[in-house]
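Asker:
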């Protein structure tokens, strides 16, 4: 008997838009296999579905002595430049504001079992990542996610990434108001928005309920919103142009108060300006922060306000506001204190760090500490069951790579702790020096230089063993580690931050970490740390001992670590570390030449071209590729005997190709087919821009005819003819765009 | 019923205390020395999570892990990519590859003398909730293939099969045979 497919199984059960997205992606996979999509275009296509390459996808790996070929069976089939088809990859799953239900957790656990390596990884942007996935499994994986309302759309690539928000918004004791529904509305509005499809790189957005806590980390985002009430009106302080990476920028205050009804259109206006004026060719400078620096805040504001003024009205800007009242989390249990409940061993230490007393009397938010952000599929399923026992779908991921359960009745805390311990999820230390954050680094990322996870695991083990004896002044330090300067581990905003690099020593390449001190996690990532110099990876634990020891011994009064670092100065810190920068000769101590969590001698030869930045594919190229997919799907419908749908699909592909060309001149081209055809005729036919050298207006006429003709009987011949014409029309659109580029160049 | 997504786990009688770093090193050595038909790609360390894949050797056709799921250490052989054949062939091939993996470990230069697998106990997982849901019907559908294979594996020894009863989990079968069985003997029988 042949196997069932998830496509059949879930037929009719998925939201139409999500179903269509996944079907299209599946068709694009087929096209790629048939050589019908360019590697570069396909790379950006899959990245925008969250399908990422991983280390060793270029078919080679250093084994500690020499670099060897990995002979993937796919031959010369690639899923992007230098990325082999069969190389296992990562699937990023976007979780807006980190909000999850028990059902969603269960489905992701099942996916980790069946397509990945039994592990779910929580990222520093509240996403979930699954690793070692084969690309051909991704459409089914996406369908199963869609069945519980999750899309992976725009999880990577040059797009609006996951919109993050404070994980305790709505239950926080100090927030101005709950920012959750606003973050959700903006995430929904921006998803697939036409104005967000032509960026040079990604855009990150965050929401925070108050200015003084860390939670939303708005200062390090391209767009940051901090809840504010002014004259009784709900709105936000609006920040732009923040970001970490190799060149960190603090966000600038764009508007002291932006009314709630303005956050969607104003974000749209920023995106338009960024898409129009942001860098495209040089990806290292293609973020909003660089555009802002280039233009200056005043000019940036002027351009955005000007754009805002001419935006065509969209009802969606404010529609969600009418619905705000319907957004409400509910507890499962009644509020009650823990009075008299038996506390299991370890409870008090756990409660001191992992339980947050909510502003709602009698309820608490519990942090489930995940070492390195990892949780097994079995643990995830069990946690989903546990959540059903104690809360009502009030689960969130955090940027510190943990999971929180909100609305736990205080009377349940001891029992919940006992249940978590059984699952191996009862570790204390959330939000303390033990709770080390790390990006994937050399484990799976192509850009990783040093082993951020290896170092994090080592530090976590050492610090957990000492945690009871650590001085109070350092217990709540944040340690954050990135595998390279790109800052996915958010090292700039940690008390003790580290990012991977390497140094040549006596002919050997030695793994190092740059030491960054004094970054500020609070006040929404209020300031960034200072670089103090590179230290061999194997000496980083000693660096931590040295720095924290000196701080504990020499701090003045209640001096914070940031103040201490500033007071003693960079030179003094460097002096402290001098001895630790030395690397013993290879024959004296070879362990310095092997990174944490590794058994092979260190190399940077395994690095590859990063995919974080996506591929620079113009909006027109991208949309024309989508038209080819539509045309391909029309062909499949024709083969299935569905002639009417095939005809309409081919017509739609032609319309979209025409629209893509119009967008080069007019971004706001309406969706109405009559308008598209009218504009296309005026801009590309009357001007002869679309004319073929030999055939003149022939291909344009294909569109005009099919637009006007009325079909009484959709026969195979008619459908076949329109598909053929549609393909020629798209070819001509590519040619026309190519000519335009030559002229513009 | 047909699925190629099958996993087989053999438990350790000896070697449970070998450190994850040792397994990490061993699997890296396997990648380096690999001369087999499949592509071995990478090793992942998950020793920081409880009851999961402690150390994972990632391949193209299959993954191999030192596995602590269900609280008992063993080696899990998990087939991922499709292969030609029917379910009986997939099951037989996976079981054989799992046995070969165990033998490779037992004869490995670094860990071989410290590890012994318990051949009379095997866990079979159908890693495919759609085509092989965890139901009595699925078990009935594969029973004859399973019986035939286990008959070949254990001869006349009495064998018990029990299905773990958790509707949300995959179909997991715990197989127990009478007597002591070494991996070499199982391989000879296959």
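Residue numbers (our numbering), protein chains in the order written: chain A, 1 to 745; chain B, 1 to 190. Glycine is no exception: its CB is placed at the ideal position from the N, C-alpha and C atoms. As the structure is a prediction and not an experimental result, all values here were calculated from the model.
(1) Measuring CB atoms only, is the region 208-215 of chain A touching the region 226-233 of chain A, in the sense that at least three cross pairs come out at less than 8 Å?
(2) Would you mind giving the Cβ-Cβ distance between residue 515(A) and residue 543(A), rounded to the nearest angstrom? I have them listed as a contact below 8 Å.
(3) For the region 400-415 of chain A against the region 578-585 of chain A, are there 3 or more C-beta pairs whose distance is under 8 Å?
(4) Can you list, in chain order, the residues of its chain whose CB lies under 7 Å from that of residue 167(B), leaving out five sequence neighbours each side?
(5) Once DSSP output is grouped into helix, strand and coil, what is the label at residue 569(A)?
(6) Report the residues of the region 47-58 of chain B with a CB closer than 9 Å to any CB of chain A, ordered along the chain.
(7) Leaving out the 5 sequence neighbours to the left and right, which residues in its chain are closer than 6 Å to residue 745(A) when beta-carbon positions are compared?
(8) May I have the straight-line CA-CA distance separating residue 87(B) from residue 127(B), to the nearest angstrom?
(9) Given that residue 69(B) touches chain A, what residues does it touch there, using C-beta distances under 8 Å?
(10) To the nearest whole angstrom, what separates the beta carbons of residue 410(A) and residue 338(A), a pair I think is in contact under 8 Å?
(11) Tell me, please, whether the CB atom of residue 60(B) is closer than 8 Å to any CB atom in chain A?
(12) Among the candidates 26(B), 61(B), 188(B), whose CA atom is the shortest distance from the CA of residue 38(B)?
(13) Would you grab the beta carbon distance between residue 378(A) and residue 69(B) for me? Rounded to a whole angstrom, and I think it's under 8 Å.
(14) Could you tell me whether any Cβ in chain B is nearer than 8 Å to the Cβ of residue 372(A)?
(15) By the 7 Å beta-carbon criterion, what residues does the region 148-163 of chain B contribute toward chain A?
(16) Grouping DSSP H, G and I as helix and E and B as strand, with all else coil, what is residue 305(A)?
(17) Between the Cα of residue 101(A) and the Cα atoms of 192(A), 92(A), 380(A), 361(A), which residue gives the shortest distance?
(18) Using 8 Å as the threshold, is the region 349-360 of chain A in touch with the region 385-401 of chain A, meaning 3 or more CB pairs across them?
(19) For the alpha helix (DSSP H) that residue 184(B) lies in, which residues bound it at each end?
(20) For residue 81(B), go through chain A and note every residue whose CB falls closer than 8 Å to its CB, in chain order.
(21) Comparing alpha-carbon positions, which option in 14(A), 20(A), 531(A), 397(A) lies nearest residue 49(A)?
(22) Give the range of the beta strand (DSSP E) segment to which residue 131(A) is assigned.
(23) With a threshold of 8 Å on Cβ separation, who are the neighbours of residue 402(A) within its own chain once the five nearest residues in sequence on each side are excluded?
(24) Alpha carbon to alpha carbon, what distance is there between residue 610(A) and residue 290(A)?
(25) Just list the residues that DSSP pairs residue 639(A) with in beta bridges.
(26) Pull up the DSSP beta-bridge partners for residue 160(B), would you.
(27) With 8 Å set as the bound, which would you pick, yes or no: does the beta-carbon of residue 104(B) sit closer than that to a beta-carbon of chain A?
(28) Please check the pair residue 175(B) and residue 125(B), which I expect to be a contact at CB under 8 Å, by giving their CB distance rounded to whole angstroms.
(29) Give the range of the beta strand (DSSP E) segment to which residue 407(A) is assigned.
(30) Answer yes or no: do residue 690(A) and residue 736(A) have a C-beta to C-beta separation smaller than 8 Å?
(31) Just tell me which of 470(A), 633(A), 629(A), 505(A) has its CA closest to the CA of residue 553(A).
(32) Could you tell me which uninterrupted beta strand (DSSP E) segments, each at least 3 residues in length, are contained entirely in the region 170-217 of chain A, listed from first to last along the chain?
(33) Quick one, which of 661(A), 712(A), 479(A) has its alpha-carbon nearest residue 683(A)'s?
(34) Apart from the five residues just before and just after residue 155(B), which ones in its own chain have a Cβ nearer than 8 Å to its Cβ?
(35) Would you mind sorting residue 7(B) into buried or exposed? The rule is 16 or more other CB atoms within 10 Å of its CB.
(36) Would the beta-carbon of residue 730(A) fall within 8 Å of that of residue 671(A)?
Answerer: According to the data block:
(1) yes
(2) 6 Å
(3) no
(4) 134
(5) helix
(6) 47, 48, 49, 50, 51, 52, 53, 56, 58
(7) Annotation note: pLDDT 45 at residue 745(A) (below 50); position unreliable, coordinate value reported separately. Taken in chain order, the list of residues that qualify is empty.
(8) 13 Å
(9) 118, 376, 378
(10) 5 Å
(11) yes
(12) 61(B)
(13) 6 Å
(14) yes
(15) none
(16) helix
(17) 380(A)
(18) no
(19) 183-189
(20) 134
(21) 20(A)
(22) 128-133
(23) 122, 367, 368, 369, 370, 373, 430, 435
(24) 20 Å
(25) In DSSP, residue 639(A) forms no bridge with anything.
(26) 176(B)
(27) no
(28) The Cβ separation is near 11 Å, so there is no contact.
(29) 403-409
(30) yes
(31) 470(A)
(32) 205-208
(33) 661(A)
(34) 189
(35) buried
(36) no
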